[in-house]
Amino acid sequence: MKKVAVVWSSPNKDGLTASAKNSFIEGLTESGVSIEEIHLNSRKLEHCRACGNGWGTCNKNGSCLIGDDFADIYKTLSEADGIVWISAVYWSDMTECFKAFFDRLRRCDATHNHFLAEKRCMLIACAGGTGRGTIECLQQLERGLTHMGMRAYDRIPVVRFNRDYMLPALKEAGKTYANALENGFDMYY
Ligand SMILES: Cc1cc2nc3c(=O)[nH]c(=O)nc-3n(C[C@H](O)[C@H](O)[C@H](O)COP(=O)(O)O)c2cc1C
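Under the working numbering, the residue at position 178 of the sequence shown is numbered 185, and the numbers go up by one with no gaps.
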C-alpha cells in the first residue's frame, strides 16, 4: 500500500485550508492509500537559527540541532511515497509556520541527505482574502521543492470564490494522485 504524507498549515482547523485538505484526503482514502496527516501548526517547530557560520549540522550531517518535532516529521516525509503540501496564503506566500519548517527541511535535505529527491508532490495554496498571491504562494512552494529535487505533479489554487467547485475537484485530484502513485506518473522530469 502506498503511503502519502499530507502536510498542511493554517491555524484554523475548520477553515478553507482544512476543507481543501479534507477533500483531497477523501479522494486518497477512496483510492486505498495510507495517509499520514501532519498539521504543522499543532507541532512544536522552531525556526532555523543559522547556527555555526550560517551552515550548521544541516550541511555537515543532514540533521538539525534543535530538539523539537522537526526530525520526526522529516522521517515521516522520507518514508512517504508521495507528499501533499497545503498552505493557507499569507502575504502571497506560505504561512510563517510552513516557511519555518520548509527552511529547515531544505537545509538538511538539499545539501546533505537527498531523501526527498524525486518524490512527486501535489501543491495546494488556499487564499481566503482577495485571492491575490495564490499563484505566488504556489511558486514559492515549488521553488523550495525544486531545491530539494522534488517535483510538482500539480499546483492547485483555491480561493474562497472557487471553493464550491474546487472542493469536489480536490477530491478527484486526490484520486488521480493516488492512481499515479500506484501506476506511475506520466511526466518527463
Ligand atoms: C497574515 C495574513 C496574511 C494574509 N495574506 C493573504 C493574501 O496575501 N492573499 C489572500 O487572498 N488572503 C490572505 N490572507 C487570508 C488567508 O488566506 C485566509 O485566512 C485563508 O482563509 C486561510 O485559510 P484558513 O481559512 O484555513 O484560515 C491572509 C491572512 C493572514 C492572517
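All C-beta atoms, glycine included, are put in the ideal place defined by N, C-alpha and C.
Whole-angstrom distance between residue j and residue i, CA atom to CA atom
i           : j           : result
residue 176 : residue 108 : 28 Å
residue 134 : residue 54  : 23 Å
residue 102 : residue 26  : 17 Å
residue 130 : residue 94  : 8 Å
residue 56  : residue 154 : 20 Å
residue 190 : residue 58  : 43 Å
residue 112 : residue 81  : 7 Å
residue 142 : residue 64  : 33 Å
residue 187 : residue 60  : 42 Å
residue 117 : residue 156 : 7 Å
residue 43  : residue 79  : 12 Å
residue 11  : residue 62  : 31 Å
Contact test: residue i Cβ vs ligand 1 heavy atom, cutoff 8 Å
i           : result
residue 264 : With the chain covering only 8 through 196, there is no way to say anything about residue 264.
residue 114 : no
residue 104 : no
residue 19  : yes
residue 98  : yes
residue 91  : no
residue 13  : no
Bridge partner(s) assigned by DSSP for residue i
i           : result
residue 89  : 11
residue 165 : 133
residue 44  : 13
residue 128 : 90 and 159
Chain D contact for residue i (CB, 9 Å cutoff)
i           : result
residue 156 : The structure shown has no chain D; it contains just one protein chain.
For this session: May I ask you to verify whether the stretch 79-87 touches the stretch 135-152, counting CB pairs closer than 8 Å and requiring at least 3?
Result: no
Problem set entry | the stretch 18-37 / the stretch 169-183 touching (three or more Cβ pairs under 8 Å) | yes
Problem set entry | Touch test, the stretch 33-51 against the stretch 182-196, Cβ-Cβ under 8 Å, three pairs minimum | yes
Exercise. Are the stretch 8-23 and the stretch 39-51 touching, with three or more C-beta to C-beta distances below 8 Å?
Worked result: yes
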